[in-house]
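Data block below; observations after.
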Amino acid sequence: MLKNNKKNFTKRLTESAVLLALTLILSYLKLLDLPYGGSITLCSMLPPILIAYRFGLVWGFGVGFANGILQLLMGLNTLSYATSPTAAVAIILLDYIIAFSVSGFGGIFKNIFKKQSYSIVSGTALVCLLRYICHVISGCTVWAGLSIPNTQAFIYSIAYNATYMLPELIIAVAGALYLSSAINFEGENLTRTKKENLPKPTFYLRALGSLGALAAFITDILLIAPKLQNAETGEFDITGITAVNFTTVVIVTLMGVLWTIIFNLLSRRVKK
86 MLKNNKKNFT
96 KRLTESAVLL
106 ALTLILSYLK
116 LLDLPYGGSI
126 TLCSMLPPIL
136 IAYRFGLVWG
146 FGVGFANGIL
156 QLLMGLNTLS
166 YATSPTAAVA
176 IILLDYIIAF
186 SVSGFGGIFK
196 NIFKKQSYSI
206 VSGTALVCLL
216 RYICHVISGC
226 TVWAGLSIPN
236 TQAFIYSIAY
246 NATYMLPELI
256 IAVAGALYLS
266 SAINFEGENL
276 TRTKKENLPK
286 PTFYLRALGS
296 LGALAAFITD
306 ILLIAPKLQN
316 AETGEFDITG
326 ITAVNFTTVV
336 IVTLMGVLWT
346 IIFNLLSRRV
356 KK
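Residue numbers (this note's numbering): 86 to 357.
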């Protein structure tokens, strides 16, 4: 019995170490690196979430904490902007330790949804949201007056952190959806799931639903990104966020979500 427990522990440790190493590699594969901190990576948040899903909250928080420490070591130069020891501690906690430890919630829906993909995707979305909240709090407190204007710091922090966390969420959720439909993460060993043969109408309806979400996402970027560029210097300017028509952004986003939901519901009816 003791031998089996030791074997399971070693297996967990090895698997977690491999996925944590993969997280660091993916952290360097940046699709976009913002000038005042934050970046869009290639699913770097997903491996710790999968660890939490496989091995539970406590183990997930431990791996998330370790990831936070490693991310901090990679971004130590950030602490040079701290105006006081208190600010430095706040940056360490909000932008690194807590922000990455929340990946432990990746498996919180495991026993709520019967379908693996629903559990992993929901956990991924929750983790991304919690990390976003950490960065927003940090932005409107620690970074106010530095990279974010003092006036309306909360609004600026919400907008700035959304510019990279929203795409990060979409990429992570897409990755979670693909992997959870291809691999069984619930067994002792990782195995391939049986491929589902979808009727052509179902496939096309789901594809149309995905295209609607993608179109809404691209439209939102086109509505926001040009406003964040200084017209004279061409440099990134966070103050331009006030010129964004957020009413249009919200409407486009809701239309994209509604479009996706409608076509997915239609695909289910056709499948039945």
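A virtual CB, placed ideally from N, CA and C, is assigned to each residue, including glycine. Computed from a prediction, not measured in an experiment: that's the story for all the values here.
Would you tell me roughly how many angstroms separate the C-alpha atoms of residue i and residue j, rounded to the nearest one?
i	j	result
A267	A172	44 Å
T324	Y166	20 Å
F270	K312	42 Å
K92	T209	29 Å
D322	S295	32 Å
L119	Y138	30 Å
L117	F348	31 Å
L307	L251	14 Å
T287	A259	19 Å
R97	A261	20 Å
T168	T236	18 Å
K199	G272	14 Å
For the candidate residues the options, whose alpha-carbon lies nearest to that of residue i?
i	options	result
L104	T126, L131, G191, L114	L131
L343	L293, A310, L313	L293
S204	G141, S101, F185, N235	G141
V337	I255, G297, L158	G297
C128	K115, R139, N274, I136	K115
D180	S169, F239, R354, N246	N246
S352	Y289, L299, G341, T304	Y289
G341	L350, T304, I326, I309	T304
T99	G160, I136, S112, L111	I136
V329	G192, V148, R354, T248	T248
K285	V355, F239, L211, A261	V355
I183	A151, Y263, Q314	A151
A102	G147, L214, Y263	G147
R216	T345, E253, V143	E253
R291	V143, L107, I346	I346
Residue i: buried (16+ other C-beta within 10 angstroms of its C-beta) or exposed?
i	result
K195	buried
N333	Note that residue 333 is Thr in the sequence shown here, rather than Asn. It is exposed - the Cβ of T333 has fewer than 16 other Cβ atoms within 10 Å.
L158	exposed
A244	buried
L161	exposed
R277	exposed
G149	buried
I197	exposed
Y230	Residue identity differs from the one stated: residue 230 is Gly in this sequence, not Tyr. Counting Cβ neighbours within 10 Å, G230 comes out exposed, since fewer than 16 surround it.
A310	exposed
So residue i and residue j are in contact, right, with Cβ under 8 Å, and what is the actual spacing, rounded?
i	j	result
G122	T95	Not really, about 37 Å apart at Cβ, beyond 8 Å.
A175	S207	Going by Cβ atoms, the distance from A175 to S207 rounds to 30 Å, so no, they are not a contact pair.
L109	L155	6 Å
I134	S188	5 Å
V212	F190	6 Å
I256	S242	Rounded, the Cβ-Cβ distance is 22 Å, inconsistent with contact.
G153	F185	4 Å
A238	C219	In fact, because the Cβ distance is near 16 Å, the residues do not count as touching under 8 Å.
Could you name the residues that DSSP lists as bridge partners for residue i?
i	result
D118	S124
N269	T276
I233	A229
Got a sec: is the Cβ-Cβ distance from residue i to anything in chain B below 8 Å?
i	result
V329	Included in the structure is just one protein chain, with no chain B present.
Any heavy atom of the ligand GTP within a distance shorter than 7 Å of the CB on residue i?
i	result
K285	You won't find the ligand GTP in this model; it holds no ligand whatsoever.
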